[in-house]
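Residue numbers (mature numbering (1 follows the signal peptide of the UniProt record, and there is no 0)): -25 to -1, 1 to 785. Note that CB positions come from ideal geometry on N, CA and C, so glycine has one too. Bear in mind the structure is a predicted one, so any value in this text is a computation, not a measurement. The structure appears right after this line, and notes come after that.
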């Protein structure tokens, strides 16, 4: 091993760098850089092309095998090969070599200099104070520039074999106002990735010396942030002489384990306080929700002087590695796959702005004319394993096969992935599609239910029939909905809607669809036949809603108008109608019972409408209204509105910051409202002290729901994420996704005395709230990756309920 290693073992572009592009090159120089004593290859060594005066006009870096490829315009070509801890090797190539160049670097004889501690400020703090000021001065003064970029991403499976490779070359432009813009001029990838999966190069480039560094949804504080001295603990661990100039190594770590910061080293040119290399790993707060498991993240970057007077240093590259695994406690897991990325930047051209065509379009665009020679000119040599992956073609296998799943659910997950890939392939080829999915659930009206839902799609027509068996009475629920698309734009769709159903249904607001909530006994449910036709419109992309650094959801909008005919029979205990439904709304005759209604329903919403309440964050506004006729007793109307939102509260640099979720809902009705259109605030499924609950219901209401002709409700819960466990030193629970949640709810209903008397005349026993219902509680979420346990105390009555439900994942 080399005698001098400053933690990263990678090259630093110390005084010289690649300032010129290799465009127009005529001679390709290949070679390998090794340790002269051990023969060990040196990945990341810098090979600089010099002009007659010794200035750098081009360059390349060695790959993981120590190999490099450098194109030169003419021979002879003076080269300087550098690697930290080694003497610089200089050679001149006078003619095209018949074999790859072999460059052996001699370990430097320099030893670590003594660290002198003097009274006053910590020397590491004093040096970093200079580095921060120097870096901020450079970054604030920088103007637009252009650069030639090349990037490669290599995916290694759990077994270490190469599972996929992608490459791209681009002309990139940066400015303080617009950030990155680039034209991708060439790209390629292994067959299992496809060209569509090749990412842009510079747009994803991270400068480790910026104040805020976004990595995988986290926003980590950089070591040159203006507040870095209060967040980081810096220590000088060594120094050496490189090319006659003193280079100091500084290690850094966060002062608090909960801080979104790095652990690693900086190599600093002491005379000017310029950073030559950063080798950083995210700190212990770099956590993700289950089932995602991230490990081994590391980011290494070299910096070069891009101005003639060395007054401005910018990145020459970025080499990163990150492991992504999968785990749901004891249920299923997969060893991580490793994603290795390398970006090379060369030919900086200061003061060059992006063309107007790039500024007007998306951040990254495909160049009008591809130039396949750019990859050959700029690409680092492939390793043997990467070359074999390209040569394997279609036999390489799916990227999903790179994970080796283990555990009781491993077989089910593998089968689901294969079926999903096959369904996607079939859908792309066939003019129609067919799918099916199980339907399972439980509620007091149906007991346990199970069945099948089919999905049929042919052109603009989509039909979804469904049948489920219910254990409460041994009956069958039947239903189907259909959509016929009339018009389709880029994001807008307009179509006809229809649905028909027969079976047990729940009396509920259309704004709070049942997931797994219910009420005790069969109150609140009724036997129903329904037929509805209408018109719907939707917009699938109203922009991105950021509900945290990690998760971004596309906002959508939809509006529906339906004409509904419904015949129903209540299950309400004590009712004279508690028996089988004999109306035949869906048959040839229309034998309406006295709960039959005919109405027009209108619904509209905007936001993250597809996010299920309690599982994913939701930012949405929804309204609904209905006007119709109760054939027995006159006309009626209802109106409801709901607002869902989220507020990040603290530790906002995290991918999933602690957040407060709030749901506000209200409704009103008038006229002769039938029982099936009474408004309600739902409770939980369970007995007196144990319940199955979710967000958006009263966790201590285990009887029938509160009913009324008006209601108001507020639900909230604050997730502290894993921070309490991190503070207690329980890092294992934090990594497994355990979190602490504080929650509460406040609701009441109102019921007009005259309406209560009218419905009571038919034998219906109603359950309005007696004033406001208040409750608070605490939860532990993430148990087995999927579950949560709630302890909820009612404040206006002596009720305590232990509940369980699905974990809040995001």
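Rounded to whole angstroms, the Cβ separation of residue 144 and residue 124 is 7 Å, and the two are in contact under 8 Å. Residue 426 places its beta carbon 7 Å or farther from that of residue 438. Shown here, residue 108 sits in a helix according to DSSP, grouped into three states.
In the DSSP assignment, residue 267 falls outside any alpha helix (DSSP H) and lies within the beta strand (DSSP E) extending over 267 to 280. For residue 59, the three-state secondary structure derived from DSSP is coil.
Note that the region 640 to 649 does not touch the region 692 to 702; fewer than 3 beta-carbon pairs, one per stretch, sit closer than 8 Å.
When DSSP states are grouped into helix, strand and coil, residue 699 belongs to the helix group. Note that the C-beta distance between residue 518 and residue 530 is below 7 Å. Put simply, the region 720 to 740 touches the region 670 to 689. At least three CB pairs are less than 8 Å apart. Within a 10 Å sphere around the beta-carbon of residue 462 sit fewer than 16 other beta-carbons, which makes this residue exposed. Taking the CA atoms as reference points, residue 230 sits about 23 Å from residue 623. Rounded to the nearest whole angstrom, the CA to CA distance from residue 292 to residue 365 is 24 Å. The beta-carbon separation of residue 673 and residue 692, rounded to 13 Å, does not stay under the 8 Å limit for a contact. Following the DSSP letters along the chain, one finds residue 11 in no beta strand (DSSP E), marked with neither H nor E. A straight-line Cα-Cα distance of about 44 Å links residue 429 and residue 360. DSSP, reduced to helix, strand and coil, places residue 600 within a strand of the structure shown. Scanning its chain for C-beta atoms nearer than 7 Å, with the 5 sequence neighbours on each side dropped, one finds around residue 509 the residues 472, 535, 536, 537, 538, in chain order. With a threshold of 16 other beta carbon atoms within 10 Å, residue 110 meets it and is buried. Going by DSSP, residue 122 is part of the beta strand (DSSP E) stretching over 120 to 131.
In the structure shown, residue 73 adopts coil according to DSSP, grouped into three states. Secondary structure at residue 334: helix, using DSSP grouped into helix, strand and coil. Residue 375 carries a helical assignment under DSSP once its states are collapsed to helix, strand and coil. Between residue 58 and residue 17, the gap from beta carbon to beta carbon is short of 7 Å. In summary, residue 388 is buried, with 16 or more beta-carbon neighbours lying within 10 Å of its beta-carbon over all protein chains present. DSSP places residue 362 in the helix class (H, G or I) of the three-state scheme.
If you look at residue 682, you'll find it in the beta strand (DSSP E) that goes 681 to 683. Judged by DSSP in its simplified three-state form, residue 392 adopts helix. When Cβ pairs closer than 8 Å are counted between the two stretches, the region 200 to 210 is seen not to touch the region 313 to 320, the count staying below three. Within the region 180 to 240, the complete alpha helix (DSSP H) runs of at least 4 residues fall at 203 to 206. In this chain, the alpha helix (DSSP H) harbouring residue 706 covers 706 to 710. Of the residues assessed, residue 675 falls on the buried side of the cut-off, its CB having 16 or more other CB atoms within 10 angstroms. Per the Cβ contact rule, the region 368 to 388 is in contact with the region 291 to 309 (3 or more Cβ pairs under 8 Å).
Remark: C-beta atoms of residue 475 and residue 455 approach each other more closely than 7 Å.
For residue 719, the enclosing beta strand (DSSP E) stretches over residues 714 to 725.
Around the beta carbon of residue 505, a 10 Å sphere encloses 16 or more other beta carbons of the protein chains shown; the residue is thus reported as buried.
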